[in-house]
Amino acid sequence: MDQILGNISLLFEFPVVNLKIIIDGVMIGALFALAAYGLALVWGVMNVKNLAQGDFVIAGGYVAWYFTRQGVPPLFGVPLAFVVMWVIGWVVYKLVISRVIERDLFTSLLATFGLAIMMAQIMNLMFGSDTQSIQLKYDTLYFFDGFVDVPIAKLIGVTLASSLAVGVILFMKKSRMGQAIRATAQDARAARILGIDTEKVYAFTFSLNAAICGAAGAIIVMVWVIQPFYGISYSIRAFVIVTAAGLGNLPGVIAAGLGIGAAEQYGAHIFGIGYQQAIAVLLLLIVLLYRLIQQRRVRQSLN
Amino acid sequence: MSSIIDIQSVSKSFGGVLANTDVSMKVEKGGITGLIGPNGSGKTTLFNSIVGYHPIDSGSIRFEGKEISKLQVQNIARLGLLRTFQQTRIYGAMNGVENMLISLPHRKMRFFDSFGRNTKEDYERADMLLDFVGLYEKRYLQSGSLSFGQQKLLEFAMALMNEPSVLLLDEPTAGINPTLINGLIDRLKKANTEFGITLFIIEHNMRVIMNMADTIYCLAHGKLLAQGTPEEIQGDQRVVDAYLGAH
Amino acid sequence: MKKSIFYTVLLAIILVAPFAFPDFRTQLATLWLMIVVAMTWDMTGGQMGYNSLGNIFFYGTGMYVAALISIGMVHDVGSYNNAARSELMTFTDAQYFTGAIIGIIGAGLFCALTAVVIGYLTFGLRGPYFAIGTLGVAIAAGELVANWDWVGGGQGIALPVYPGNLDVGKLFFYFLFAGTGVALFVFLKWLYTTRFGAAINAIRDDEEKAEAMGIHTLRYKLTTWAMAAFFVGIVGGISAFQLIHFEPLETAYQTINLGIFMVVCVLLGGKGTLWGPIIGAILFHVIKEVTWNYLLGWQWVALGALIVVTVVYFQDGVMGWLMHKKPEWFGIRVEQKEAR
Chain A
1 MDQILGNISL LFEFPVVNLK IIIDGVMIGA LFALAAYGLA LVWGVMNVKN LAQGDFVIAG
61 GYVAWYFTRQ GVPPLFGVPL AFVVMWVIGW VVYKLVISRV IERDLFTSLL ATFGLAIMMA
121 QIMNLMFGSD TQSIQLKYDT LYFFDGFVDV PIAKLIGVTL ASSLAVGVIL FMKKSRMGQA
181 IRATAQDARA ARILGIDTEK VYAFTFSLNA AICGAAGAII VMVWVIQPFY GISYSIRAFV
241 IVTAAGLGNL PGVIAAGLGI GAAEQYGAHI FGIGYQQAIA VLLLLIVLLY RLIQQRRVRQ
301 SLN
Chain B
304 MSSIIDIQSV SKSFGGVLAN TDVSMKVEKG GITGLIGPNG SGKTTLFNSI VGYHPIDSGS
364 IRFEGKEISK LQVQNIARLG LLRTFQQTRI YGAMNGVENM LISLPHRKMR FFDSFGRNTK
424 EDYERADMLL DFVGLYEKRY LQSGSLSFGQ QKLLEFAMAL MNEPSVLLLD EPTAGINPTL
484 INGLIDRLKK ANTEFGITLF IIEHNMRVIM NMADTIYCLA HGKLLAQGTP EEIQGDQRVV
544 DAYLGAH
Chain C
551 MKKSIFYTVL LAIILVAPFA FPDFRTQLAT LWLMIVVAMT WDMTGGQMGY NSLGNIFFYG
611 TGMYVAALIS IGMVHDVGSY NNAARSELMT FTDAQYFTGA IIGIIGAGLF CALTAVVIGY
671 LTFGLRGPYF AIGTLGVAIA AGELVANWDW VGGGQGIALP VYPGNLDVGK LFFYFLFAGT
731 GVALFVFLKW LYTTRFGAAI NAIRDDEEKA EAMGIHTLRY KLTTWAMAAF FVGIVGGISA
791 FQLIHFEPLE TAYQTINLGI FMVVCVLLGG KGTLWGPIIG AILFHVIKEV TWNYLLGWQW
851 VALGALIVVT VVYFQDGVMG WLMHKKPEWF GIRVEQKEAR
């Protein structure tokens, strides 16, 4: 308890610590937002709630890590992870997701939960249960007498993440496929009548989602660490973000992503690093409860 | 007769669209009150406001003198104010008798009663009411396999099983085979006279409503347009205009 | 008449099994554990339509509560969990048994109480939000307990070993689990014939309609979950004593093992039926035990695959399949379309 109070008072004595926490949080939050955007995309278009989202992220990280170990320059890991995860996403869609789209929501939730367990275990068998990361040989920038350190690697990571996000948004706005995806999200039956091959749209959307997650994972492995069983916490973060922001609300997803990144960093600072997982999950419960109270208000209650 | 439902200047809008504006009406205890109006005139909205599906913007709704406009659906239902749905809602996987037994008035049960089994009287009452609506022969069939009209009759029987004091019916004759409508009118009247249930009915079929109701209210564009006995309503030029779209 | 013979034979098998297969006593006890958690999951998931992914929360909480009660009756909990465990681990036989019995019952009651509290907060969540919310509760509980030193933190808790002959100990735990299972079966067999059973089925099939008919939906939902939590807490408590040592993430709040097994068992056997969860648990347990050792590390992958395949291809389970093939066995009759 004393330690917690000490950590809190540190925030007030040295306001610059806040700055460091927020910068860290925003950097990592940008990556959460990417995974959440993918989740919102799949959720909105085909009404599948993908609990294997985080495992796609981790798998992308391992793809980048694997190629880097084979001598590929680290930054190429991101596009490679994008492509490899695209293919894996397509296979997963064909084998599993395509068969649960029309079913009730719990079915897709449970099927993807099974998928998540499977993927985590396969990665565990292939790569072992140690944490892994790619060390980039860049300097670290220091500000405020060294209180705030910003590794250039993290800056590169954020830049990559934002350009990926911009690319995806432009694609969704401008391209034919993007328009077809948005049309299907609004009304799949109408889209089908208008001659859109929704089956193709679904497959494309899911693969795109896996690819986005994979790229995010490839960035995470450069700035953080990955481990086969970290997937579920990324899935939960993605759910927190989408639940807080709502579907089809892109600015909301980005804001919630950054906010959750910052909130987690604050939590880790105050309560200690051991609580990081717990904080991610508690945020989920808080967001769900908030939504519930909001809902009650709409449905009126007196007692 | 005294009024059992008293609606005072109720307004309800959905994002700028005024669904009900300053609507006031009274439902007389023990009577049959009709609610008519062209499509989109706010009839179902008013029903939903009464039974608690959404909050109202302003006004007051009283049931047996008690303000209910802020209560939730199940609390209102437990007062004995029940509604049927325009799109029928029954338990399709269960058979008719099971549907009836589910509809036992839980508000009259103490918590420990709910751990009891259904009594012989419950079964007899279920059979009697199923017979009353003409579904006795089909009572052990899976109710989802019944025709739409039969499902509607089953929902009506379920509502009666619940022993409500007021029953709100949303278009009871819609989708029912025209040859069966006369029978349905008789049953509704009987439910009113024999079981003593006050009825408040939304109905599009003029012949049906003119035949049953003591008092009729007509809504148009969310506002109360006219009220009176069937004869008065039939003779009211504004009502005729509203239905012809001249309003 | 036929039924009573069936149940007598069944009861005889239950009583004789641990003596007929003495080498499999622990296996059989685990089978009963699976049966109990599957049946309790089905109470909310199958009968009431609320699919929880976090019922394991009550298992873990039951373990901790039972252990803490039995320790607390003899020692100071904090120092017990901090001390080099062997020092304080002295319980007389009487202390062991009274601690175990009171602890296990206390675990059940405590879990029932927490279910009411959590249910009050989460039952407004419908569909997938409920599943994810309950999953969140279970994961959060595990993480928080792992950081709580008073209850042993990530190390978990070590309990005393069963005093006396270990083979007798195995029998003791077998009969505790089996007794709970039989009690639960009898309880559910009765419960599903009451008005209460019909009411929770109504909530599953159309909750809005149930509300509109004035059924006390929240009250029934809370009661059902509390009853389920009670039995899960009990078997959690028994497991704590059977396993001797347990830790928070992999044993107590084992979200991806037992937490998901119980769902798969129910789906395999058939949701919303009395026998489905039992059949499913037996099937699952047998498949798992027979194949586990031959899969050489791939067993968890196989488990994930089993979940996916069950959910995607065989979601109605054995009972659902039978119901579809032989509806008349279940008294289902449909309107003959030609007749009209």
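Quick mapping for you: the protein sequence lines, in order, are chains A, B and C. Each residue of the first sequence is one higher than the one before, starting from 1 at the first, in this note's numbering. Each residue of the second sequence is one higher than the one before, starting from 304 at the first, in this note's numbering. Each residue of the third sequence is one higher than the one before, starting from 551 at the first, in this note's numbering. Even glycine gets a Cβ: it sits at the ideal position worked out from N, Cα and C.
Exercise. Going along chain A in order, which residues have a C-beta closer than 9 Å to the C-beta of L853 (chain C)?
Worked result: G114, I117, M118 and Q121
Problem set entry | Residues of its chain near A153 (chain A), where Cβ-Cβ distance is below 7 Å and the 5 sequence neighbours each way are ignored | L136, Y138, M222 and V223
For this session: Compare the C-alpha of A762 (chain C) against each of B:V320, B:G383, B:F498 and B:F414 and name the closest.
Result: B:G383
Problem set entry | Residue of A:I254, A:Q53 and A:A64 minimising C-alpha distance to I120 (chain A) | For the record, residue 120 (chain A) in the displayed sequence is Ala; it is not Ile. That would be A:Q53, whose Cα lies nearest to the Cα of A120 (chain A).
Exercise. Apart from the five residues just before and just after T860 (chain C), which ones in its own chain have a Cβ nearer than 7 Å to its Cβ?
Worked result: V814, L817 and L818
Exercise. Expressed to the nearest angstrom, what Euclidean distance is found between the alpha-carbon atoms of L457 (chain B) and D573 (chain C)?
Worked result: 58 Å
Exercise. Is it true that the CB of L115 (chain A) sits closer than 8 Å to the CB of G854 (chain C)?
Worked result: yes
Exercise. CA-CA distance, V354 (chain B) and L385 (chain B)?
Worked result: 8 Å
For this session: Check whether the Cβ of H874 (chain C) lies closer than 8 Å to any Cβ atom in chain B.
Result: no
Problem set entry | DSSP state of P358 (chain B) mapped onto helix, strand, coil | coil
For this session: Quick one: which residues of the region 257-272 of chain A get their C-beta closer than 9 Å to a C-beta of chain C? List them in chain order.
Result: F271 and G272
For this session: Give me the Cα-Cα distance between I310 (chain B) and G437 (chain B), rounded to the nearest whole angstrom.
Result: 35 Å
Exercise. What residues of chain C sit near P408 (chain B), judged by a beta carbon separation below 8 Å?
Worked result: G764
For this session: Would you identify the three-state DSSP class for A889 (chain C), choosing helix, strand or coil?
Result: Any reading at A889 (chain C) is ruled out, since the residue's pLDDT is 42, under 50, leaving its predicted position unreliable.
For this session: Using only alpha-carbon positions, find the residue among A:V100, A:G38 and A:V57 that is nearest to A81 (chain A).
Result: A:V57
For this session: Using beta-carbon positions only, say whether T611 (chain C) and G783 (chain C) come within less than 8 Å of one another.
Result: yes
For this session: Give me the Cα-Cα distance between A752 (chain C) and I254 (chain A), rounded to the nearest whole angstrom.
Result: 41 Å
For this session: Note down the Cα distance separating L808 (chain C) from A570 (chain C), rounded to an integer number of angstroms.
Result: 27 Å
Problem set entry | Buried/exposed call for W43 (chain A), threshold 16 Cβ in 10 Å | buried
Exercise. Hey, is the region 282-293 of chain A in contact with the region 704-724 of chain C, meaning 3+ C-beta pairs nearer than 8 Å?
Worked result: no
Exercise. Cα separation between D756 (chain C) and F725 (chain C)?
Worked result: 39 Å
Exercise. So which residues of chain C does G274 (chain A) contact, with C-beta pairs closer than 7 Å?
Worked result: N697
Exercise. In whole angstroms, what is the alpha-carbon distance linking G736 (chain C) and A215 (chain A)?
Worked result: Rather than Gly, the amino acid found at residue 736 (chain C) in this sequence is Val. The alpha-carbon atoms of V736 (chain C) and A215 (chain A) are separated by roughly 54 Å.
For this session: Specify, as a first and last residue, the run of the alpha helix (DSSP H) that A97 (chain A) falls within.
Result: Note that residue 97 (chain A) is Ile in the sequence shown here, rather than Ala. Per DSSP, I97 (chain A) belongs to no alpha helix (DSSP H) and is neither H nor E.
Problem set entry | Cutoff 8 Å: A494 (chain B) Cβ touching any chain C Cβ | no
Exercise. How many Å lie between L444 (chain B) and L433 (chain B) at the Cα?
Worked result: 12 Å
Problem set entry | Cβ-Cβ distance between I504 (chain B) and G337 (chain B) below 8 Å | yes
For this session: Starting from the beta carbon of R99 (chain A), find every residue of chain C whose beta carbon is closer than 7 Å, and list them in chain order.
Result: V862
Exercise. Would you say Q548 (chain C) reaches chain A, if we count a Cβ-Cβ gap shorter than 8 Å as a contact?
Worked result: Outside the shown range of chain C (551 to 890) lies residue 548 (chain C), about which nothing can therefore be said.
Exercise. What residues in its chain sit with their C-beta under 7 Å from that of A567 (chain C), if we drop five residues either side in the sequence?
Worked result: L578
Exercise. Secondary structure at M412 (chain B), three-state DSSP: helix, strand or coil?
Worked result: coil
Problem set entry | Straight-line Cα distance separating I134 (chain A) from K771 (chain C) | 50 Å
Exercise. Does the beta-carbon distance from N514 (chain B) to I488 (chain B) come in below 8 Å?
Worked result: yes
Exercise. Any beta-carbon of chain C closer than 8 Å to the one on I405 (chain B)?
Worked result: yes
Problem set entry | Pairwise C-alpha distance: P877 (chain C) and I393 (chain B) | 20 Å
Exercise. In three-state DSSP terms, what is R386 (chain B)?
Worked result: strand
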